[in-house]
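In this note's numbering, the protein residues as written are 118 to 440.
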Ligand code: PBG
């Protein structure tokens, strides 16, 4: 006998009844690009619909996001070129753009979960996530700085630090550092499997943070590799991460699924700038329906096993499902 799979698709109620995956507003994390100063908004040409804004404007956006049910934001500071140097010293400025923004956001919205990206690329004149010396990215020296950077974010009141640098051993070292300074309850959301992807281009435009020379292949993972990613994910779990990011998302659904199967921590899919821009610009041309594809793209990440999604569509999607 053959089976009649169509019985379960016969009408909307039946389809809804057997639906396996859904996206909840609780699952979405909103990324924000922060500009210095006030009363400024800038478009990002390669990310239509996303803007860099000063904190006064961002506080308004955050209020709206919260009213739509969004629970978490992840912050990326736009550091002016004149403040960048080879040692990324601005990353350790307690009065810098990121710590002061964290303070303002937590003061206005104490319950909001604020996540900070921990890496040196926004501050580093070389545009790398770590310290570059004689053509090499120095692992342990970078990790020392990342620990200090994480501590500064904690002092400013952040709820979660998210190391995005892919240096070895940083989760372990950051965890120890935070514990030793009384921040046992600040979580680590590690970029556990971060590929050396060509999909980060628009983000690097947004922060003007592209590497000046070379690429990130000595620290980010080769897109050809599966086992290597799973090894990294398990390492970060063992080192004490609380949540694990897989990044990019849509091209790496196999990694999301495997991480979900093997790990006991929440899995976060990062739908990166290039994924966003591909959908957005194609829809802007009228070749795809934006709302439908946005929904399908996020749904696929949940189906693959993501518990949470960092997406530039967060605000728009929240408005869409509100209706
Ligand atoms: C920096 C960082 C990057 C992204 C998040 N954190 C860029 C990179 O590694 O070059 C990319 C996010 C995106 O493309 O949306 N460490």
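Backbone N, C-alpha and C define an ideal beta-carbon position, used for all residues, glycine too.
Once DSSP output is grouped into helix, strand and coil, what is the label at residue i?
i: residue 164; result: coil
i: residue 414; result: helix
i: residue 212; result: coil
i: residue 260; result: helix
i: residue 350; result: helix
i: residue 248; result: strand
i: residue 345; result: helix
i: residue 307; result: strand
i: residue 253; result: strand
i: residue 138; result: coil
i: residue 120; result: coil
Please report the residue range of the beta strand (DSSP E) in which residue i lies.
i: residue 279; result: 277-280
i: residue 398; result: No beta strand (DSSP E) holds residue 398; the alpha helix (DSSP H) holding it covers 390-401.
i: residue 149; result: 145-152
i: residue 235; result: 230-235
i: residue 284; result: Careful: residue 284 lies outside any beta strand (DSSP E) and carries neither H nor E.
Rounded to the nearest angstrom, what separates residue i and residue j at their Cα positions?
i: residue 339; j: residue 120; result: 42 Å
i: residue 192; j: residue 151; result: 7 Å
i: residue 298; j: residue 372; result: 34 Å
i: residue 220; j: residue 231; result: 10 Å
i: residue 215; j: residue 302; result: 20 Å
i: residue 218; j: residue 180; result: 15 Å
i: residue 272; j: residue 429; result: 27 Å
i: residue 361; j: residue 287; result: 14 Å
i: residue 304; j: residue 359; result: 6 Å
i: residue 418; j: residue 310; result: 15 Å
i: residue 89; j: residue 211; result: Past the edges of the chain, shown from 118 to 440, lies residue 89, and the structure says nothing about it.
i: residue 126; j: residue 137; result: 13 Å
i: residue 324; j: residue 411; result: 24 Å
i: residue 213; j: residue 207; result: 7 Å
i: residue 183; j: residue 234; result: 20 Å
Tell me where the alpha helix (DSSP H) around residue i begins and ends.
i: residue 337; result: Taken as a continuous stretch (DSSP letters only), residue 337 belongs to no alpha helix (DSSP H), as it is neither H nor E.
i: residue 438; result: 431-439
i: residue 134; result: 129-134
i: residue 405; result: Looking at the DSSP string, residue 405 is not in any alpha helix (DSSP H), and its letter there is neither H nor E.
i: residue 327; result: Neither: residue 327 is in no alpha helix (DSSP H) and is coded neither H nor E.
Which residues share a DSSP beta bridge with residue i?
i: residue 241; result: 202
i: residue 301; result: Per DSSP, none; premise fails for residue 301.
i: residue 312; result: 338
Quick check: is any heavy atom of ligand 3 less than 6 Å from the C-beta of residue i?
i: residue 358; result: Of the ligands this structure carries, namely ligand 1, none is ligand 3.
Task: Those runs of the beta strand (DSSP E) which lie wholly inside the region 163-198 and span at least 3 residues - done: Listed in chain order, they are 168-171 and 189-194.
TODO: Counting only runs of 4+ residues fully inside the region 354-394, write out the alpha helix (DSSP H) ranges in chain order.
DONE: The DSSP assignment places complete alpha helix (DSSP H) segments of no fewer than 4 residues inside the region 354-394 at 370-379, in order along the chain.
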